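Residue numbers for the sequence shown, in our numbering: 58 to 169. In this text, a Cβ means the ideal position worked out from N, Cα and C, and glycines have one as well. These figures come from a predicted structure and were not determined experimentally. Reading through the structure tokens given below for one structure.
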Amino acid sequence: PVTSMETQVEQVLMELLDVSSKAQKYVEQKTEELRSVHKGPLSETKAALAGFGPRIRKVQQDRKRLRTTIAESKKKQQEAMEAEKRKRQEAVDRKAADAILAEASGAVDAVE
Numbered sequence: 058p059v060t061s062m063e064t065q066v067e068q069v070l071m072e073l074l075d076v077s078s079k080a081q082k083y084v085e086q087k088t089e090e091l092r093s094v095h096k097g098p099l100s101e102t103k104a105a106l107a108g109f110g111p112r113i114r115k116v117q118q119d120r121k122r123l124r125t126t127i128a129e130s131k132k133k134q135q136e137a138m139e140a141e142k143r144k145r146q147e148a149v150d151r152k153a154a155d156a157i158l159a160e161a162s163g164a165v166d167a168v169e
């Protein structure tokens, strides 16, 4: 379940990157086409397009930040799982060592 969710999140992030890149290119292209326009309704369109650039860049930055946060969380989760695994193995080893020591103590007591 966790790995399928991680895969879905990665796919969504990749789609977001693709869509935002396409939007950025489209806005840049249309802005370039309207560069020579100074009056009329197209100038209003040009101004509106100019406002989209920072918004698109903010989305891209937020996506990068989210991806970094996800990577850090994944790393912390793996470290916690490894620590728990070591802790369990140490408990098993400790139990086995205690059994061996108890057996050895019993043998020593029997010899005395």
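List the whole-angstrom C-beta distance separating Leu74 from Arg120, where the pair is believed to meet the contact cut-off of C-beta under 8 Å.
Sequence index remark: in the sequence shown, residue 74 carries index 17 (1-based). Sequence index remark: in the sequence shown, residue 120 carries index 63 (1-based). Between Leu74 and Arg120 the beta-carbon gap is near 6 Å, inside 8 Å, which marks them as a contact.
Can the beta-carbon of Gln81 be found less than 8 Å from the beta-carbon of Ile113?
Counting from 1 along the sequence shown, the entry for residue 81 is found at position 24. Counting from 1 along the sequence shown, the entry for residue 113 is found at position 56. Closer than 8 Å, so yes.
By how many angstroms is the C-alpha of Glu160 removed from the C-alpha of Val168?
In the sequence shown, counting from the first residue as 1, residue 168 sits at position 111. In the sequence shown, counting from the first residue as 1, residue 160 sits at position 103. Near 12 Å, if we compare the C-alpha coordinates of Glu160 and Val168.
Do you know offhand how far Val69's Cα is from Glu139's?
By one-based count along the sequence shown, residue 69 stands at place 12. By one-based count along the sequence shown, residue 139 stands at place 82. If you take the alpha carbons of Val69 and Glu139, they lie about 28 Å apart.
Assigned secondary structure, Arg92 (DSSP; H/G/I helix, E/B strand, else coil):
Numbered from 1 along the sequence shown, position 35 holds the residue referred to as residue 92. Here Arg92 sits in coil by DSSP.
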